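See below for the structure under consideration.
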Amino acid sequence: MEVIIIGIARSAIRLATPYLYASIGETIGQLSGVLNLGVDGVMLMGAFSAFYTVLKTGNLILGLLVAIVVGGIFGLLIAFINVTLKAEQGISGIGVYIFGLGLSSLLFRTMIGTVQTVSGFSPLSIPLLSNIPIVGEIFFQQNILVYGAFALVPISWFILNKTPLGLSIRAVGQHP
Numbered sequence: 019m020e021v022i023i024i025g026i027a028r029s030a031i032r033l034a035t036p037y038l039y040a041s042i043g044e045t046i047g048q049l050s051g052v053l054n055l056g057v058d059g060v061m062l063m064g065a066f067s068a069f070y071t072v073l074k075t076g077n078l079i080l081g082l083l084v085a086i087v088v089g090g091i092f093g094l095l096i097a098f099i100n101v102t103l104k105a106e107q108g109i110s111g112i113g114v115y116i117f118g119l120g121l122s123s124l125l126f127r128t129m130i131g132t133v134q135t136v137s138g139f140s141p142l143s144i145p146l147l148s149n150i151p152i153v154g155e156i157f158f159q160q161n162i163l164v165y166g167a168f169a170l171v172p173i174s175w176f177i178l179n180k181t182p183l184g185l186s187i188r189a190v191g192q193h194p
């Protein structure tokens with residue numbers, strides 16, 4: 019029974035990692051005064067682009083970079099809609115979500131068609147910590163993206179609360 023619980027907990031952390039990255043980004047956006055309800059659409063497009071890139075090239079790093087670029091392009095799209103066109107942020111965010119959902123689905127059907135799998139980043143065991151019973155198996159035998167997300171939480175907190183950049187982001191968000 020313990021093995022099952024450890025496996026479920028380890029998988030839950032791994033599967034929650036994309037949401038942690040998105041929530042950190044959205045937190046920064048919210049503090050700067052931007053409401054982005056299109057985060058899920060951006061995540062879907064990033065996930066599709068990464069998957070398709072890895073499927074065609076077998077290169078995980080390239081897939082990650084493509085996902086970052088696609089996320090950035092969608093971020094620019096959201097900024098253009100909200101800032102330049104002065105659209106209402108809630109409505110435009112929902113529109114971006116629906117657009118990302120529809121486009122990722124369409125691209126999947128036309129470019130891939132059937133369910134396929136690609137292998138992800140391999141787990142990295144942190145010496146000594148991974149040997150701790152239960153806790154070590156759950157938290158310290160994850161892939162590099164999970165460790166990156168864990169590290170990004172205190173880093174983003176520090177940037178937002180202890181640096182001039184963070185002060186500027188928060189100040190702009192008070193009166194956008």
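19 is the number of the first residue of the sequence shown in this note's numbering; add one for each residue after it.
Backbone N, C-alpha and C fix where the C-beta goes; we use that ideal spot for every residue, glycine too.
For clarity, every value in this text was computed on a predicted model and none was experimentally measured.
Less than 8 Å between the CB atoms is what I'm expecting for residue i and residue j, so what's the real figure, rounded?
i, j, result
"M61", "L121", "About 13 Å; that fails the 8 Å criterion."
"S67", "A40", "Not quite, the Cβ-Cβ distance comes to about 15 Å (not below 8 Å), so this is no contact."
"I162", "L142", "6 Å"
"F158", "I177", "So it is not a contact: roughly 25 Å between Cβ atoms."
"T71", "G81", "4 Å"
Which of the three DSSP states is assigned to residue i in this structure?
i, result
"L55", "coil"
"Q160", "strand"
"A68", "helix"
"A40", "helix"
"M129", "helix"
"E20", "helix"
"A105", "coil"
"V136", "coil"
"I26", "helix"
"I177", "helix"
"P172", "helix"
"I116", "helix"
"S50", "coil"
"I150", "coil"
Nearest-angstrom Cα distance between residue i and residue j?
i, j, result
"K180", "S29", "33 Å"
"I146", "G166", "One point to set straight first is that residue 146 is Leu, not Ile, in the sequence displayed. Roughly 19 Å separates the two Cα atoms."
"S174", "I187", "12 Å"
"L18", "L73", "In this structure the chain extends from 19 to 194, so residue 18 is not present and cannot be described."
"R127", "V133", "10 Å"
"A97", "I91", "10 Å"
"N111", "M19", "Here the sequence assigns Gly to residue 111, which means Asn is not the residue at that position. Going by the C-alpha atoms only, they are around 43 Å apart."
"I109", "S148", "45 Å"
"G138", "G131", "20 Å"
"I42", "I31", "16 Å"
"L170", "V88", "20 Å"
"G113", "L78", "30 Å"
"E44", "L119", "18 Å"
"V164", "L94", "26 Å"
"V190", "V136", "42 Å"
"A105", "L38", "27 Å"
"A34", "Q192", "30 Å"
"F117", "T75", "26 Å"
The alpha helix (DSSP H) that contains residue i, what's its start and end?
i, result
"P8", "Nothing can be reported for residue 8: it is not among the residues displayed for the chain, which extend from 19 to 194."
"V88", "L78 to A97"
"S186", "P182 to Q192"
**Asked** Does the count of Cβ pairs from the stretch 52-60 and the stretch 99-108 closer than 8 Å reach three?
**Response** yes
**Asked** When the Cβ atoms of the stretch 146-162 are set against those of the stretch 26-44, are three or more pairs found closer than 8 Å?
**Response** yes
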